[in-house]
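A.B. asks:
There are 2 protein chains.
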Amino acid sequence: MARRKRLETNHQRVPVPTLERMATYLRLLSDLEAAKVHTVSSLEIEEQTGINAAQFRKDLSYFGEFGKPGVGYRVSDLHQRIAQILKIHREQPILLVGAGNLGSALVGYPGLREQRFVIAAVFDNNYAKIGRMLWDHEILDVNRMKEVNRQIGARIGIIAVPAGAAQEVAEMLVDAGVRAILNFAPTILRVPPSVVVRNVSFLQELAVLSYYIEQEEEPLSSPTPAASSTL
Amino acid sequence: MARRKRLETNHQRVPVPTLERMATYLRLLSDLEAAKVHTVSSLEIEEQTGINAAQFRKDLSYFGEFGKPGVGYRVSDLHQRIAQILKIHREQPILLVGAGNLGSALVGYPGLREQRFVIAAVFDNNYAKIGRMLWDHEILDVNRMKEVNRQIGARIGIIAVPAGAAQEVAEMLVDAGVRAILNFAPTILRVPPSVVVRNVSFLQELAVLSYYIEQEEEPLSSPTPAASSTL
DNA sequence: TAGATTGTTAATCGATTAACAATC
DNA sequence: TAGATTGTTAATCGATTAACAATC
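For the protein sequence lines, the chains are A and B, in the order given. So in my numbering, the last spot in the first sequence is 702, and the numbers never skip. So in my numbering, the last spot in the second sequence is 702, and the numbers never skip.
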């Protein structure tokens, strides 16, 4: 029912799966660059990622022309242009809310910097934590978020708080000017249509994996009724 | 090209998006149960999750009949049956590889237990870490994985190691009997077709979000244009 | 019974892939 | 030039949603 207004002005609406793959290509291209490979073809991309070559070319076609027929793609060019498309060619500041275990792991994750994401401020609502350090960040009071972000101008926020607090935090982030939220809490967030949310839920991922596990009739020691018929 | 043999025998092949949503329904149902709600209709599910009511009913239809026309679904029944479908109705042991920040956050995450996932063993290859404790787990030598898993019989493994080590770890997990892998490393894993992999890549998620950020012509000092037209 | 809501079929929509003319 | 590989159109596939008869 809800006819979502897409926030991008672009040429053509880019499918989300395409964007996800763009990030994959970017990573591969970094590796190739590091390996001093100068040129790739779409078929080589397919071999290395498992993503169909036509799919790759189609994905790129949403953004322009990138290759030379008969030759392929220059690795460094393509890398740079994709980085530009995803807007990670320059530093992107991020607000992190939640200074627990997960928050700590995120701040300490070196991969972020590699892709030019910078955690610019860390917030928590726990007075026992506020004022203490998380790595090289002082943990700030969540209530200072809006004020602090006037300086930073971050457009991306990460929610790493328990499910019960997530909705409230989302609203604070939006109020502070954030337009995109990465949500680690297992809750469905309600935000204005102009704000994009993506959820990272490893519980959900585990549940999906769990489904695929063959139900090996129990390492059944003795009789153990162990209802069998899976049907 | 690669015609993937699906490992499930089931009636009909269940779409992955359906499985992902099943996990969402499960979570919602837990909340409803806690709130002492006894019955839900598909329309109420739509209101609370944003997932189309027809979609919900279609999703369930892959697994059988769950509701009463004119009435709806009994929350507790539905919860239990979905848990059974996803095989999280009983404890599911997991092997965790990588005792770094991320691994630590995972072991310390209380949500896992709530969904009956149990991290049964933690491995690392760093001799400085092996033998030390991560929460209540002794960190074990990766090379003991196969041996240790003979006791545990875990079918699910989590990879929380740097990208460079991920492929090797994946192979060790498979060798140890794991059939499903949750991969946090930013690499594409190559595994036998009988093994399922799901990737959790928050860098990728951030990259996707980043794309959607309006490119506000730099916070260029004074006038603050504050670009409005979302169109 | 009348009203509500299911389960399922059919229609729609969108994403993936194959095929090929254009071009280096 | 001949061979390779692109960018794009058309064909296929699969997932989402609307519609409705069945049924509580």
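Beta carbons: idealized from backbone N, C-alpha and C, even for Gly. Just so it is clear, the structure is predicted and the values come from calculations on it, not from any experiment.
Terminal residues of the continuous beta strand (DSSP E) containing M624(B)?
C.D. replies: Residue mapping note: residue 624(B) aligns to position 153 of the second sequence, counting from 1. It should be pointed out that residue 624(B) corresponds to Gly in this sequence rather than to Met. Looking at the DSSP string, G624(B) is not in any beta strand (DSSP E), and its letter there is neither H nor E.
A.B. asks: Find out if the Cβ-Cβ distance for the pair I630(B), A599(B) is shorter than 7 Å.
C.D. replies: Here residue 630(B) refers to the residue found at position 159 of the second sequence. Here residue 599(B) refers to the residue found at position 128 of the second sequence. Result no, Cβ atoms of I630(B) and A599(B) do not sit closer than 7 Å.
A.B. asks: Tell me which residues share the same chain as A494(A) and place their Cβ nearer than 6 Å to its Cβ, disregarding the 5 neighbours each side in the sequence.
C.D. replies: As a working mapping, residue 494(A) is identified with position 23 in the first sequence. No residues qualify anywhere along the chain.
A.B. asks: What is the rounded straight-line gap between the Cα of Q519(B) and the Cα of D607(A)?
C.D. replies: Start at 1 with the first residue of the second sequence, and residue 519(B) comes out as number 48. Start at 1 with the first residue of the first sequence, and residue 607(A) comes out as number 136. Roughly 39 Å between the two C-alpha positions.
A.B. asks: Measure the CB-CB distance between F588(A) and I565(A) and report whether it falls below 7 Å.
C.D. replies: Against the first sequence, residue 588(A) aligns to sequence position 117. Against the first sequence, residue 565(A) aligns to sequence position 94. Contact: yes.
A.B. asks: Return the bridge partner residues of I590(A) from the DSSP annotation.
C.D. replies: As a position in the first sequence, residue 590(A) is number 119, starting the count at 1. According to DSSP, which records beta bridges pairwise, I590(A) is partnered with I565(A).
A.B. asks: Between L496(A) and chain B, is there a C-beta pair that is closer than 7 Å?
C.D. replies: Within the first sequence, residue 496(A) is the residue found at index 25, counting from 1. In the sequence under discussion, the amino acid at residue 496(A) is Tyr, which differs from the Leu named in the question. Not closer than 7 Å to any Cβ of chain B, the Cβ of Y496(A) fails to qualify, so no.
A.B. asks: If I follow the unbroken alpha helix (DSSP H) through E536(A), where does it start and stop?
C.D. replies: Position 65 of the first sequence, counted from the start, is the residue given in the question as residue 536(A). Careful: E536(A) lies outside any alpha helix (DSSP H) and carries neither H nor E.
A.B. asks: According to DSSP, is Y682(A) part of a helix, a strand, or is it coil?
C.D. replies: On the first sequence, residue 682(A) is found 211 positions in, with the first residue counted as 1. Helix, per DSSP.
A.B. asks: Quick one: measure Cβ to Cβ for R650(B) and V667(B), integer angstroms, because I've assumed they're closer than 8 Å.
C.D. replies: Here residue 650(B) refers to the residue found at position 179 of the second sequence. Here residue 667(B) refers to the residue found at position 196 of the second sequence. That belief holds up - the Cβ atoms of R650(B) and V667(B) are roughly 7 Å apart, short of 8 Å.
A.B. asks: Hey, quick one: how far does the alpha helix (DSSP H) through D502(A) stretch, first residue to last?
C.D. replies: Along the first sequence, one-based indexing puts residue 502(A) at 31. Run containing D502(A): 487–505, per the alpha helix (DSSP H) assignment.
A.B. asks: Using alpha carbons as the reference points, say which of G541(B), L583(B), V578(B) lies closest to H560(B).
C.D. replies: Your numbering for residue 560(B) matches position 89 in the second sequence. H560(B) has its Cα closest to that of L583(B), out of G541(B), L583(B), V578(B).
A.B. asks: Between the alpha carbons of P694(A) and I684(A), how many angstroms are there, rounded?
C.D. replies: Your numbering for residue 694(A) matches position 223 in the first sequence. Your numbering for residue 684(A) matches position 213 in the first sequence. Below a pLDDT of 50, predicted positions are generally treated as unreliable, and P694(A), at 38, falls in that range; no measurement from the model is reported.
A.B. asks: Interface residues of chain B around L573(A) at Cβ under 7 Å?
C.D. replies: Taking the first sequence and counting its residues from 1, the one referred to as residue 573(A) is at position 102. The contacting residues are A576.
A.B. asks: May I ask which residues mark the beginning and end of the beta strand (DSSP E) holding L611(A)?
C.D. replies: Within the first sequence, residue 611(A) is the residue found at index 140, counting from 1. Start and end: 608–612.
A.B. asks: Using a Cβ-Cβ distance cut-off of 7 Å, determine whether L549(A) contacts chain B.
C.D. replies: Against the first sequence, residue 549(A) aligns to sequence position 78. Output row for L549(A): interface = no.
A.B. asks: For Q622(B), count neighbouring Cβ atoms within 10 angstroms of its own Cβ and tell me buried if that reaches 16, exposed if not.
C.D. replies: Mapped onto the second sequence, residue 622(B) falls at position 151. With fewer than 16 Cβ atoms within 10 Å of its Cβ, Q622(B) is classed as exposed.
A.B. asks: With I516(B) as the anchor, note down where its alpha helix (DSSP H) starts and where it stops.
C.D. replies: Translated into the one-based positions of the second sequence, residue 516(B) becomes position 45. Per DSSP, I516(B) belongs to the alpha helix (DSSP H) from 513–520.
A.B. asks: Indicate whether the contact test is met: 3 or more Cβ pairs, each with one atom in the region 607–619 of chain A and one in the region 566–581 of chain A, closer than 8 Å.
C.D. replies: With a cut-off of 8 Å on Cβ pairs, the region 607–619 of chain A is in contact with the region 566–581 of chain A, counting three or more such pairs.
A.B. asks: Going straight from the alpha carbon of T489(A) to that of A570(B), what length do you get?
C.D. replies: Sequence index remark: in the first sequence, residue 489(A) carries index 18 (1-based). Sequence index remark: in the second sequence, residue 570(B) carries index 99 (1-based). Roughly 33 Å separates the two Cα atoms.
A.B. asks: H550(A): buried (16+ other C-beta within 10 angstroms of its C-beta) or exposed?
C.D. replies: Translated into positions along the first sequence, residue 550(A) becomes position 79. Under this definition H550(A) is a buried residue.
A.B. asks: Around the C-beta of A678(A), are 16 or more other C-beta atoms found within 10 angstroms, so that it is buried, or is it exposed?
C.D. replies: Numbered from 1 along the first sequence, position 207 holds the residue referred to as residue 678(A). A678(A) is buried by the Cβ-count criterion.
A.B. asks: What does a CB cutoff of less than 6 Å around D612(A) pick up in its chain, not counting 5 residues either side in sequence?
C.D. replies: For this step, residue 612(A) is matched to residue 141 along the first sequence. I601.
A.B. asks: When DSSP builds the beta bridges, which residues end up paired with T510(B)?
C.D. replies: Reading the second sequence from its first residue, position 39 is the one you call residue 510(B). In the DSSP assignment, the residues bridged to T510(B) are R545(B).
A.B. asks: Between G628(B) and chain A, is any beta-carbon pair separated by less than 7 Å?
C.D. replies: As a working mapping, residue 628(B) is identified with position 157 in the second sequence. Chain A contact via Cβ: absent.
A.B. asks: Around the Cβ of D595(A), are there at least 16 other Cβ atoms within 10 angstroms (buried) or fewer (exposed)?
C.D. replies: By 1-based counting over the first sequence, the position of residue 595(A) is 124. Buried, since its Cβ has 16 or more Cβ neighbours within 10 Å.
A.B. asks: Does any C-beta atom of chain A lie closer than 7 Å to the C-beta of Q675(B)?
C.D. replies: Within the second sequence, residue 675(B) is the residue found at index 204, counting from 1. Output row for Q675(B): interface = yes.
A.B. asks: Quick check on the burial criterion: 16 or more other C-beta atoms within 10 angstroms. Buried or exposed for A506(A)?
C.D. replies: Position 35 of the first sequence, counted from the start, is the residue given in the question as residue 506(A). Under this definition A506(A) is an exposed residue.
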